[in-house]
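Number of protein chains: 2
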Amino acid sequence: MKHTPQAPSVADADSSGFSVELGTDRPMRLDCGVDLGPFTVAYQTYGELNADKSNAVLVCHALSGDQFVASTHPNTGKPGWWHILIGPGRPLDPAHHHIICANVLGGCMGTTGPASIDPATGEPYGVNFPVITIADMVRAQARLLDHLGIDKLFCVIGGSMGGMQVLQWASMFPDRMHTAVPIAAAARHSAQNIGFHEVGRQAIMADPDWHGGNYAAKDVSPSRGLAVARMAAHITYLSEAALRRKFGRKLQDRSQITYGFEADFQVESYLRHQGMTFVERFDANSYLYLTRAMDYFDMVADHDGVLADAFTGTSVRFCVVSFTSDWLFTTSEVREIVHALNAVAADVSFVEIDTDKGHDAFLLDEPELHATLGGFLSAAAEKLGFETP
Amino acid sequence: MKHTPQAPSVADADSSGFSVELGTDRPMRLDCGVDLGPFTVAYQTYGELNADKSNAVLVCHALSGDQFVASTHPNTGKPGWWHILIGPGRPLDPAHHHIICANVLGGCMGTTGPASIDPATGEPYGVNFPVITIADMVRAQARLLDHLGIDKLFCVIGGSMGGMQVLQWASMFPDRMHTAVPIAAAARHSAQNIGFHEVGRQAIMADPDWHGGNYAAKDVSPSRGLAVARMAAHITYLSEAALRRKFGRKLQDRSQITYGFEADFQVESYLRHQGMTFVERFDANSYLYLTRAMDYFDMVADHDGVLADAFTGTSVRFCVVSFTSDWLFTTSEVREIVHALNAVAADVSFVEIDTDKGHDAFLLDEPELHATLGGFLSAAAEKLGFETP
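Structural data, given as structure tokens:
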């Protein structure tokens, strides 16, 4: 099937950016026991909220994502990370949906995180920021919805760390959502994934410019460590087949190896570029906190070993998606979620998409993903008696 | 099958360590064009060379290995890295074989490498050491055999980078060997593997204590960077299944997560330990050079895209081994070698061993590997008319 990659179809003028201070009256109790408040949530919206507030879709972003889901990124000038899913006739359509995407708690694009000023000291939190969990991110999003007066979301959707938030939403707030779309996400982080995260954290903390997390006070940042962390992580987002197809052993701008340590191979040049550009838009301490939240994510342990108990009696409709070549969150891990949902007789569609693009497929122009999401969301809207496109 | 892990059965007193200066009269031309000489090769031997010098076995070590294949390691006090394969009644038996294991060129345990003194300057080479290849390592080993007066080896054997050397031996010096046993090795390094190596190198070079490779002059070493490199690499040596079985999400010496950045999980503690202990026995610049040699290894390109041409007319008997859960050198990559050998009607046995231990299986107590090697070597000795155990 011939498929033309989609360009952004949402103009930046059609998006609105907001920042709201929450928890001023009532602080938010975090899993670690700390009461956080006030705290700021920065978010973007696309499309109008309808009169009965029934068309809201919450998009949850991944580790390296942010609220600029379909807007030009303010630091990089690049299109939003999920722009291909959002626009007229696309699965998420601002003509029908009120799309909300908030920077996660612990993030670095406006929502309170380790780079924010600690009101108690007047200095950036650094590693004094409390260690947060996926559930804490979800609590902060629920507070945002309280503020917006939205009782029930049409859909909560996200991939990778975003998919973890979707699962946590469905577990904690099943009455506040009609549908849930966790993509390329597992109910608990694997040993291998924890291992890769730990490599990244050690790379950051080994950088002398990290200064025990207080680099802001020294006006430096542990860019070299963060770049190495990103390089290691990036390999895990791609499949071996995709790396072979894209790069193989092809040389970069040269016809012969140089017998040296420059980036002779295209794959080296590509990874170095990924590392260097990431540090321009991401905070190293945020990287520590968000990877830790993912490591700690374990909905199985949260329910004493029975994942199904997370979803008992749920009326949420689920669309669960995995990718054949994703080795970070494999189909077999994703199936654990499906089995748990089946065990409680939940309404669940499961789609394993055949692709060689690895974990990153959830961000890419993957026609079967788009068709799956479009079909699920239209069918759900119809069943729920909502106006459909 | 019940199997008891084997303890070392070779006493250190039964091993001899040597160091020899080679290339004094005639320097060695490296692939990069540099003439190297004189250079030192440090090696260990086990068992006596017989009168007709027909019982010599060359063991080639992997990236993080050395010549102490069956001897207590002088730095760590640990048993030799392949001690379970060597001893009375084991596949390599000093009662029958004269086993030679030399530290590779570019290594850091006595053979000339980047930490050695450059005779031209009186200072350590650092990154002025010429970039070497797997073929250069093999050339240095061949020079050692010239020195020892051994014309033809009974066997060349090794795993991982050691397996690359075995393949290079069979291609360059087929008349100097009867049998070749490449284990868990490919004929060319994949894009994914180059990527992981590049992450490790960037971690080392990002460490301010690397000092552009001249850390010896400053009396420091880039230990933090090298530890991160080792941690990232170590994950690739294990399978996801092995990590799940060994560690899963088990906590380290605690019953609850700590909401912090300590090594809460056993897998974190394990990887940190791997990183910390590695730096005590390995030189960071050697790590750069040896990973680079592996990246550059491409016997397919060396033969204009036809791997079989590397083995045309060979009379070497091959035993090629892969492991089902090895994702660094997959069975499908290893099969490329077997197909090439089949194409030139070489005498080849191929064994894929079913194990969940990943790439590291070649170093572990893997009964099927030991049975395979024992069987192949006895049969080969018999066919060649050698005295067998």
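Those sequence lines, one after another, are chains A and B. The working numbering numbers the first residue of the first sequence as 796 and each following residue consecutively. The working numbering numbers the first residue of the second sequence as 796 and each following residue consecutively. Beta carbons are placed, not taken as given, at the ideal position from N, Cα and C, and that holds for glycine. In this text, all values refer to a predicted model and were calculated from it rather than measured experimentally.
Next item on the list: May I ask you to report which of helix, strand or coil DSSP gives His-973 (chain B)?
Entry: strand
Checklist line | Simplified DSSP state of Ser-1016 (chain B), which is helix, strand or coil | finding: coil
Next item on the list: Answer with yes or no whether the minimum CB distance from Tyr-1054 (chain A) to chain B is below 9 Å.
Entry: yes
Checklist line | Members of the segment 927-948 of chain B that neighbour chain A once the beta carbon cut-off is set at 8 Å | finding: none
Note to self: Quick check on the DSSP output: the beta strand (DSSP E) that includes Glu-813 (chain B) runs from which residue to which?
What the structure shows: Strictly speaking, residue 813 (chain B) in this sequence is Phe, with Glu absent from that position. Phe-813 (chain B) -> beta strand (DSSP E) spans 810-817.
Notebook entry, point to check: Ala-986 (chain B) CB to nearest chain A CB: under 9 Å?
Noted result: yes
Notebook entry, point to check: In whole angstroms, what is the alpha-carbon distance linking Ala-1028 (chain B) and Asp-830 (chain A)?
Noted result: 40 Å
Next item on the list: Take the Cβ of Met-904 (chain A) as the centre, count every other Cβ of all protein chains shown within 10 Å, and call the residue buried at 16 or more, exposed below.
Entry: buried
Check: Hey, is Phe-834 (chain B)'s beta-carbon within less than 9 Å of any beta-carbon in chain A?
Finding: no
Margin query: When you compare the CB positions of Val-1023 (chain B) and Gly-990 (chain A), do they come within less than 9 Å of one another, or not?
Written below: no
Check: Helix, strand or coil: which one does DSSP assign to Ser-1144 (chain A)?
Finding: strand
Item checked: Inter-residue Cα distance where the pair is Leu-1102 (chain A) and Gly-1108 (chain A) -> 13 Å
Notebook entry, point to check: Looking at C-beta atoms only, is the number of pairs between the segment 1144-1152 of chain A and the segment 1119-1131 of chain A that lie closer than 8 Å three or more?
Noted result: yes
Next item on the list: Can you pull the chain A residues whose beta carbon is under 7 Å from the beta carbon of Arg-983 (chain B), in chain order?
Entry: Arg-1044
Notebook entry, point to check: For His-878 (chain A), which residues from the same chain have a beta carbon less than 7 Å from its beta carbon, with the 5 sequence-adjacent residues on both sides left out?
Noted result: Pro-803, Val-805 and Ala-865
Note to self: Let's see if you can read the secondary structure: which residues bound the alpha helix (DSSP H) around Leu-940 (chain B)?
What the structure shows: 929-943
Check: What is the DSSP secondary structure of Glu-1057 (chain A), counted as helix, strand or coil?
Finding: coil
Next item on the list: Would you please verify whether the beta carbon of Trp-1122 (chain A) is less than 9 Å from any beta carbon of chain B?
Entry: yes
Margin query: Taking the alpha carbon of Leu-1164 (chain B) as the reference point, which residue from B:Met-1000, B:Gly-1180, B:Asn-1137 and B:Ser-1144 has its own alpha carbon closest?
Written below: B:Ser-1144
Margin query: Using DSSP's beta-bridge definition, name the partner residues of Ala-897 (chain A).
Written below: A:Tyr-838
Next item on the list: Check whether the segment 845-854 of chain A touches the segment 890-899 of chain A, taking contact to mean three or more Cβ pairs, one atom from each stretch, closer than 8 Å.
Entry: yes
Next item on the list: Output, in sequence order along the chain, the residues in the segment 1023-1042 of chain A whose CB is closer than 7 Å to any CB in chain B.
Entry: Val-1023, Met-1026, Ala-1027, Ile-1030, Glu-1035, Leu-1038, Arg-1039 and Phe-1042
Item checked: Close-in-space but distant-in-sequence residues of the same chain around Ile-1052 (chain B) (CB under 6 Å, 5 per side omitted) -> Asp-1059
Check: Does Cys-1060 (chain A) come within less than 9 Å of chain B when only Cβ atoms are used?
Finding: The residue you asked about is not Cys; residue 1060 (chain A) is Phe in the sequence shown. Answer yes: the Cβ-Cβ gap between Phe-1060 (chain A) and chain B drops below 9 Å somewhere.
Next item on the list: Keeping to the same chain, check which residues put their C-beta closer than 8 Å to that of Pro-1184 (chain A); ignore five residues upstream and five downstream.
Entry: Per-residue confidence for Pro-1184 (chain A) stands at a pLDDT of 49, beneath the threshold of 50, marking its modelled position as unreliable; no derived number is given.
Next item on the list: Go to Leu-1046 (chain B), then tell me how far its alpha helix (DSSP H) extends in each direction, as first and last residue.
Entry: That residue, Leu-1046 (chain B), is in no alpha helix (DSSP H); it is neither H nor E in DSSP.
Next item on the list: Going by DSSP, name the residue or residues bridged to Ser-1117 (chain A).
Entry: A:Glu-1147
Margin query: Tell me the rounded alpha-carbon separation between Tyr-1065 (chain B) and Ala-981 (chain A).
Written below: 23 Å
Check: Along chain A, in chain order, which residues have C-beta atoms closer than 8 Å to that of Ala-1063 (chain B)?
Finding: The sequence shown places Glu at residue 1063 (chain B), not Ala. Correct list: Ile-989, Gly-990 and Glu-993.
Margin query: Taking the beta carbon of Pro-914 (chain B) as the centre, do at least 16 other beta carbons fall within 10 Å, making it buried, or is it exposed?
Written below: exposed
Next item on the list: Identify whether Val-1129 (chain B) lies in helix, strand or coil by the three-state DSSP scheme.
Entry: helix
Margin query: So if I threshold CB-CB distances at 8 Å, which residues from the segment 1008-1021 of chain A count as touching chain B?
Written below: Arg-1019 and Gly-1020
Checklist line | Reference Phe-1157 (chain B); option with closest CA among B:Ala-986, B:Phe-1124 and B:Phe-1181 | finding: B:Phe-1124
Item checked: Spatially closest choice to Phe-1181 (chain B) from B:Ile-952, B:Glu-816, B:Lys-848 and B:Arg-1049, by CA coordinates -> B:Lys-848
Notebook entry, point to check: Under three-state DSSP, which class holds Phe-949 (chain A)?
Noted result: strand
Checklist line | Partners in chain B for Asp-1002 (chain A), counting only beta-carbon separations shorter than 9 Å | finding: Ala-1001, Asp-1002, Pro-1003 and Arg-1019
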